[in-house]
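Below you'll find the structure, written out as C-alpha cells, and then a few comments.
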Amino acid sequence: MALRPGQKPGQAKAEAAAPVAYGWREYVAALVQEHGTLTAVAWKLLEHGDGPDDVASVERALRRLRERSQSDGGVWGRRLLRQFGMPRTIEERLRWMGLYHSPFNDLPIALCEDQLRLWDQPPVSTSRARVWLELAAASVALRRRAFDEAQVKLTAAAKTLAAGAADAKSSAAARAEESLVRAYLQSRVGTDAGVLSALSQAEQLLAEGSLTDGDQACFVARLVDQQAFRLNRQGEHAAALALYRALPAADIHPFASYRREAGLAFGALKLGDVESARRHVLAACEFAGDGGYTRLRVMSLIMLARIEKGAAAQATLARAHAIAVRLDDEELLLRVSRARERKE
Numbered sequence: 119m120a121l122r123p124g125q126k127p128g129q130a131k132a133e134a135a136a137p138v139a140y141g142w143r144e145y146v147a148a149l150v151q152e153h154g155t156l157t158a159v160a161w162k163l164l165e166h167g168d169g170p171d172d173v174a175s176v177e178r179a180l181r182r183l184r185e186r187s188q189s190d191g192g193v194w195g196r197r198l199l200r201q202f203g204m205p206r207t208i209e210e211r212l213r214w215m216g217l218y219h220s221p222f223n224d225l226p227i228a229l230c231e232d233q234l235r236l237w238d239q240p241p242v243s244t245s246r247a248r249v250w251l252e253l254a255a256a257s258v259a260l261r262r263r264a265f266d267e268a269q270v271k272l273t274a275a276a277k278t279l280a281a282g283a284a285d286a287k288s289s290a291a292a293r294a295e296e297s298l299v300r301a302y303l304q305s306r307v308g309t310d311a312g313v314l315s316a317l318s319q320a321e322q323l324l325a326e327g328s329l330t331d332g333d334q335a336c337f338v339a340r341l342v343d344q345q346a347f348r349l350n351r352q353g354e355h356a357a358a359l360a361l362y363r364a365l366p367a368a369d370i371h372p373f374a375s376y377r378r379e380a381g382l383a384f385g386a387l388k389l390g391d392v393e394s395a396r397r398h399v400l401a402a403c404e405f406a407g408d409g410g411y412t413r414l415r416v417m418s419l420i421m422l423a424r425i426e427k428g429a430a431a432q433a434t435l436a437r438a439h440a441i442a443v444r445l446d447d448e449e450l451l452l453r454v455s456r457a458r459e460r461k462e
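Quick look at the structure:
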C-alpha cells in the first residue's frame with residue numbers, strides 16, 4: 119500500500135485494519151487485552167457458572183462470537199455483557215455523548231445522529247451502557263423540538279436504568295441526567311408538578327455526592343439553572359439571581375462556569391444593572407469558548423444582544439443566527455428569532 123505524503127510507515131496498515139464500527143470482535147479483543155488471554159476470559163465466565171465446564175468449548179464459542187460483527191450476540195454475547203459490561207474506554211465515549219454538558223451537543227445535529235446510528239448496534243445496544251445513547255437521542259430530539267420523540271427516548275432510558283447500571287458512578291450520572299432532561303421536557307410540554315418532581319429527584323441524587331468534581335459542578339449548575347428558570351417565569355428575578363450567586367465561584371468546569379455567569383447576567387439585566395449584566399455575559403462567552411460549547415456561545419450572544427442597542431444588537435444576532443444555521447439547530451434558531459422580534 120502506497121503511503122500518503124507525511125504518512126509514517128505502519129500507519130497505512132493500522133488505518134486499513136481500523137474497524138468502521140464497534141462490534142463483537144472489538145469487544146472480545148478489549149476483554150482479552152484486559153485479562154491477558156482468551157482463555158482467561160473463558161475461565162472468568164466459568165467461575166461464575168456461565169457455560170459448560172469445558173474451557174475449550176467456551177473459547178470456541180467466543181471465537182465464533184468475534185465473527186458476528188454487529189449482529190445479535192446470542193447467548194454468549196449476553197453472558198459476556200452480564201459478566202464484564204462495556205470496557206471503560208467505550209463507556210466513557212458513550213457517556214460523553216449522553217451528557218448534555220459535554221460538547222457532543224454542540225456538534226451539528228446531523229453529525230450527532232450519525233454517531234448515534236453508528237453506535238446503536240450490538241454489542242453496545244444490548245448492553246446497559248445503551249442508556250447513554252438513549253439519553254443522547256433525547257437531547258438531540260429536544261434540539262429538533264421533537265418533544266414526543268424525546269419522551270420516547272427518556273422512557274427507554276428510565277427502563278434501562280431500572281434494570282441496573284454497570285457501576286455506581288455511571289448509574290448516578292445517568293440518573294441525574296435523565297432527571298434533568300425530563301425536567302426540561304416537562305417545562306416545555308408538561309406540567310409544573312412534573313418539573314418539580316424531576317428537579318426534586320435530581321437534587322436528591324446530587325446530594326449523594328457520588329460523582330466526579332467536574333460532573334457534580336455541571337449537574338448542580340444545571341439544577342440551579344432550571345430552578346431559576348421557574349422563578350424567572352414567575353417574575354421572582356431576585357430569588358432566581360440569589361440561586362446563581364450561591365453557586366461556587368471556583369471555575370471547576372467551563373460548562374458550570376458558563377451557567378453561573380449566564381444566570382448572573384440575566385438576573386442583573388432583569389434588575390436593571392446593565393453594566394454587571396454585560397460583564398457577566400462576556401465572561402459567559404469566554405467560558406463557552408474555552409469549553410468548546412458552540413451552542414452556549416450562541417445563547418451568550420443572544421443575551422448580549424438584549425443588552426446592546428440598534429445596529430450592534432442586530433449584528434450580534436446575525437452572528438448567533440449564522441452559527442445556529444451551521445448547527446442546523448431548530449431550538450437555537452427559534453431563540454434567535456424570538457430575540458429579533460423583541461428588538462423590533
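Quick note on the numbering used here: the sequence shown kicks off at 119 and runs consecutively.
All C-beta atoms in this analysis are idealised placements derived from N, C-alpha and C, irrespective of residue type, glycine included.
Buried or exposed by the 16-neighbour rule on C-beta atoms within 10 Å, applied to residue i
i, result
"P240", "buried"
"P226", "exposed"
"K277", "exposed"
"V159", "buried"
"P366", "exposed"
"V342", "buried"
"T309", "exposed"
"T434", "buried"
"E393", "exposed"
"E252", "buried"
"G390", "exposed"
"R464", "Within the shown structure, residues of the chain are numbered from 119 to 462, placing residue 464 beyond reach of any answer."
"D171", "exposed"
"Q125", "Since pLDDT at Q125 reaches only 48, below the 50 mark, its modelled position is unreliable, and no value is offered."
"E152", "exposed"
"A179", "buried"
"K271", "buried"
"Q304", "buried"
"H398", "buried"
"S295", "According to the sequence as given, residue 295 is Glu; it is not Ser. It counts as buried."
"S318", "exposed"
"S175", "exposed"
"D331", "exposed"
"E379", "buried"
"Q334", "buried"
"Q188", "buried"
"G496", "Residue 496 is absent from the structure shown; the chain starts at 119 and stops at 462."
"G216", "buried"
Coil, strand or helix - residue i by DSSP
i, result
"I208", "helix"
"D232", "helix"
"L445", "helix"
"T244", "helix"
"E295", "helix"
"E462", "coil"
"G141", "coil"
"L422", "helix"
"S220", "coil"
"S328", "coil"
"L435", "helix"
"L452", "helix"
"N225", "The question names Asn, but residue 225 is Leu in the sequence shown. It is coil, neither helix nor strand."
Residue range of the alpha helix (DSSP H) that includes residue i
i, result
"A368", "Here A368 belongs to no alpha helix (DSSP H), and DSSP marks it neither H nor E."
"A316", "310-325"
"S257", "249-261"
"Q239", "Note, Q239: premise wrong, no alpha helix (DSSP H); not H, not E."
"K277", "265-280"
Contact test: residue i Cβ vs the ligand MG heavy atom, cutoff 7 Å
i, result
"G195", "Judged by which ligands are present, the structure shown has none, so any question about the ligand MG falls away."
**Request:** Enumerate, from N- to C-terminal direction, the unbroken alpha helix (DSSP H) stretches of 4 or more residues contained entirely within the stretch 148-205.
**Result:** 156-165, 173-184, 192-202
**alpha helix (DSSP H) runs wholly inside the stretch 346-413, at least 4 long, in chain order** = Qualifying alpha helix (DSSP H) stretches, in chain order: 355-363, 372-388, 392-409.
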